[in-house]
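Its first residue numbered 1, the sequence shown is counted upward by one per residue in full-length UniProt numbering. Here's the structure we're looking at; comments come further down.
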Amino acid sequence: MEPSPPLRLTAEQEAQLSGDCGEAQAMAMRMVTGVARVKGATRLVAVESVHIDSCLFHGRSGIDFVQRLVDAGAQCRVPTTTNVGSVNLRHPELPARSPEETRDGTELMRLYGRLGVAQTWTCAPYQLPERPRFGTQIAWAESNAVVFANSVLGARTDRYGDFLDVCAAISGCAPYAGLHRDENRRATHIIDVSAVPLAGEHVYPLLGYLAGQIAGTGVPVVTGLEDPGSVTGDQDLGRGTAGSGVGAMRPTEDDLKAFGAAAASSGGVALFHIEGVTPECAELEAVCDPERTPVTVVGPADVARAQDELTHAEADAIVDAVCLGTPHASLAQLRRIAALLRSHGREPRLPVWVNTGRFTADALAADHPDDHATLRDAGVRIVTDTCTYLLPRLHDDWSVVMTDSAKWAHYGPGNLGVRVVFASLEQCLEQAVSGGR
Numbered sequence: 001m002e003p004s005p006p007l008r009l010t011a012e013q014e015a016q017l018s019g020d021c022g023e024a025q026a027m028a029m030r031m032v033t034g035v036a037r038v039k040g041a042t043r044l045v046a047v048e049s050v051h052i053d054s055c056l057f058h059g060r061s062g063i064d065f066v067q068r069l070v071d072a073g074a075q076c077r078v079p080t081t082t083n084v085g086s087v088n089l090r091h092p093e094l095p096a097r098s099p100e101e102t103r104d105g106t107e108l109m110r111l112y113g114r115l116g117v118a119q120t121w122t123c124a125p126y127q128l129p130e131r132p133r134f135g136t137q138i139a140w141a142e143s144n145a146v147v148f149a150n151s152v153l154g155a156r157t158d159r160y161g162d163f164l165d166v167c168a169a170i171s172g173c174a175p176y177a178g179l180h181r182d183e184n185r186r187a188t189h190i191i192d193v194s195a196v197p198l199a200g201e202h203v204y205p206l207l208g209y210l211a212g213q214i215a216g217t218g219v220p221v222v223t224g225l226e227d228p229g230s231v232t233g234d235q236d237l238g239r240g241t242a243g244s245g246v247g248a249m250r251p252t253e254d255d256l257k258a259f260g261a262a263a264a265s266s267g268g269v270a271l272f273h274i275e276g277v278t279p280e281c282a283e284l285e286a287v288c289d290p291e292r293t294p295v296t297v298v299g300p301a302d303v304a305r306a307q308d309e310l311t312h313a314e315a316d317a318i319v320d321a322v323c324l325g326t327p328h329a330s331l332a333q334l335r336r337i338a339a340l341l342r343s344h345g346r347e348p349r350l351p352v353w354v355n356t357g358r359f360t361a362d363a364l365a366a367d368h369p370d371d372h373a374t375l376r377d378a379g380v381r382i383v384t385d386t387c388t389y390l391l392p393r394l395h396d397d398w399s400v401v402m403t404d405s406a407k408w409a410h411y412g413p414g415n416l417g418v419r420v421v422f423a424s425l426e427q428c429l430e431q432a433v434s435g436g437r
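This is the structure:
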């Protein structure tokens with residue numbers, strides 16, 4: 001096997017690595033250059049933003065690592081946002097954790113706050129006011145954030161794991177490898193969904209779930225959707241329109257968010273294309289050679305199978321609670337939940353928990369007080385800073401949870417020991433209002 005070409009650094013990067021810029025920079029650069037060599041990168045790329053996932057507590061090593069950076073005086077060199085943590089800092093009791101879990105999770109989040117990050121605590125940084133432009137190089141962690149940035153915004157990031165993400169933030173650079181490079185953004189699989197009726201918004205996460213199973217860690221391109229017009233990072237995509245969905249002329253950001261999160265869960269998809277929809281794929285030939293790329297045809301039976309795989313409870317199981325907002329709910333989704341609850345005219349009989357970012361929760365309260373009041377008066381629990389599927393438990397008496405999230409349905413059983421019913425948002429809220437059966 002031929003040796004990899006050498007990694008070449010700029011003079012500034014050499015100074016960072018040698019310690020001329022301080023121990024924190026040197027520590028970060030040792031990590032970044034080490035990974036770059038493993039990936040065969042010949043240079044590093046400057047990144048414009050970083051999204052950190054290391055702030056989610058997995059063990060004492062996470063605290064020890066960031067404490068060392070803090071003690072060395074580390075500060076982020078580029079704008080940096082934080083993924084969800086283990087604790088709802090605004091309301092630590094919601095959801096409940098043990099005193100030890102709350103202590104350790106809070107300590108880790110506070111330490112990251114000392115690095116000069118924007119303390120956003122959301123898995124959906126693309127829903128914040130400032131987000132990457134098309135073509136910009138970034139270093140994002142969290143699987144759904146990565147796939148959304150690459151696919152919907154057309155920014156460029158590889159999948160960054162714990163510790164490497166914060167090192168990219170401190171050094172301001174990342175290995176020029178993986179999806180940072182043009183050639184790795186080509187589609188590896190064509191998925192034809194022209195036979196699938198787009199009969200509800202829940203179809204998008206199911207298609208994403210299938211795409212992940214088909215493509216694995218590859219790059220799928222989806223064909224067969226009706227032509228909805230091009231999507232770019234600057235377009236709104238109906239984010240402020242409650243009630244928009246699959247039946248609209250084009251998929252909304254929430255549809256694409258659900259697709260990507262599902263594909264990243266069932267497979268390792270970090271980039272997808274949809275012909276005529278996503279910004280790098282105005283036509284199929286832009287992302288692959290159609291004659292040389294394997295094609296998988298997906299039909300209604302495949303979609304039904306995916307829904308069955310995501311539903312682990314028996315048909316006659318009694319639902320104990322409804323969990324929504326994975327990835328974090330957008331403002332449009334929160335408003336739609338409020339509108340659907342108003343249409344029922346009754347308060348839910350089941351607990352309804354919705355994960356969202358604190359920025360989005362604050363925007364709902366400030367700009368849409370009627371919708372905020374509807375959710376509050378209905379007893380809907382808004383969870384910020386974390387996500388319900390990450391917990392070791394939700395409630396001692398809950399064994400069956402209904403969700404509209406393929407990601408929640410994929411991870412919830414293993415993380416929480418619950419059985420899941422996957423359904424559309426309308427079905428989830430209908431179940432919540434009518435009761436467990």
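Think of the CB as a built atom: it goes at the ideal place given N, C-alpha and C, for glycine as much as any other residue. Since we're looking at a predicted model, the values are computed, not measured.
Spatial distance of residue i from residue j (CA atoms)
i, j, result
"residue 366", "residue 340", "20 angstroms"
"residue 417", "residue 22", "46 angstroms"
"residue 399", "residue 106", "28 angstroms"
"residue 391", "residue 354", "14 angstroms"
"residue 207", "residue 115", "39 angstroms"
"residue 211", "residue 337", "27 angstroms"
"residue 202", "residue 422", "9 angstroms"
"residue 429", "residue 195", "29 angstroms"
"residue 259", "residue 9", "38 angstroms"
"residue 427", "residue 404", "9 angstroms"
"residue 161", "residue 345", "45 angstroms"
"residue 199", "residue 324", "20 angstroms"
"residue 414", "residue 11", "47 angstroms"
"residue 368", "residue 396", "34 angstroms"
"residue 321", "residue 424", "15 angstroms"
"residue 193", "residue 298", "5 angstroms"
"residue 250", "residue 62", "42 angstroms"
"residue 294", "residue 216", "13 angstroms"
"residue 433", "residue 372", "18 angstroms"
"residue 394", "residue 183", "43 angstroms"
"residue 375", "residue 145", "26 angstroms"
"residue 131", "residue 79", "10 angstroms"
"residue 219", "residue 99", "42 angstroms"
"residue 292", "residue 309", "31 angstroms"
"residue 233", "residue 278", "Model confidence at residue 233 stands at a pLDDT of 35, short of 50, so the residue's coordinates are unreliable; what they give is reported in the following sentence. Taking the straight line from one Cα to the other gives about 9 angstroms."
"residue 329", "residue 362", "13 angstroms"
"residue 315", "residue 306", "16 angstroms"
"residue 148", "residue 68", "32 angstroms"
"residue 290", "residue 38", "32 angstroms"
"residue 112", "residue 387", "18 angstroms"
Own chain partners of residue i with C-beta closer than 8 angstroms, once the 5 adjacent residues on each side are dropped
i, result
"residue 19", "25 and 26"
"residue 176", "36, 41, 42, 43, 44 and 45"
Residues near residue i in its chain [Cβ-Cβ closer than 6 angstroms; skip 5 each side]
i, result
"residue 435", "349"
"residue 275", "223, 281 and 284"
"residue 72", "23 and 24"
"residue 311", "421 and 422"
"residue 205", "258, 262 and 406"
"residue 104", "57"
"residue 431", "319 and 402"
"residue 118", "81"
"residue 29", "16, 17 and 171"
Residues near residue i in its chain [Cβ-Cβ closer than 7 angstroms; skip 5 each side]
i, result
"residue 266", "209, 212, 213 and 410"
"residue 3", "none"
"residue 129", "none"
"residue 186", "219, 287 and 288"
"residue 408", "323, 326 and 389"
Bridge partner(s) assigned by DSSP for residue i
i, result
"residue 139", "50"
"residue 31", "Answer is none; residue 31 lacks a bridge partner."
"residue 174", "45"
"residue 422", "403"
"residue 220", "189"
"residue 118", "81"
"residue 156", "137"
Subject >> Within the segment 292 to 363, ranges of the alpha helix (DSSP H) (whole runs, at least 4 residues) >> reply: 300 to 310 and 331 to 344
**OP:** Determine contact between the segment 108 to 123 and the segment 78 to 85, defined as no fewer than three beta-carbon pairs at a distance below 8 angstroms.
**Re:** yes
Original post:
Taking one C-beta from the segment 39 to 46 and one from the segment 87 to 106 each time, how about it: are there three or more such pairs within less than 8 angstroms?
Top reply: no
Subject >> Contact the segment 153 to 172 vs the segment 126 to 142: 3+ CB pairs below 8 angstroms >> reply: yes
**OP:** Decide yes or no for the touch test of the segment 252 to 265 against the segment 326 to 337: beta carbon pairs closer than 8 angstroms, at least 3 of them.
**Re:** In this structure the segment 252 to 265 lies against the segment 326 to 337, because at least three pairs of beta carbons, one per stretch, are closer than 8 angstroms.
**OP:** Counting only runs of 4+ residues fully inside the segment 252 to 290, write out the alpha helix (DSSP H) ranges in chain order.
**Re:** 253 to 266
**OP:** Give a yes or no on contact between the segment 375 to 390 and the segment 92 to 109, applying the rule of three or more CB pairs nearer than 8 angstroms.
**Re:** yes
Subject >> Contiguous beta strand (DSSP E) assignments of at least 3 residues, all confined to the segment 359 to 411 >> reply: 381 to 383 and 400 to 403
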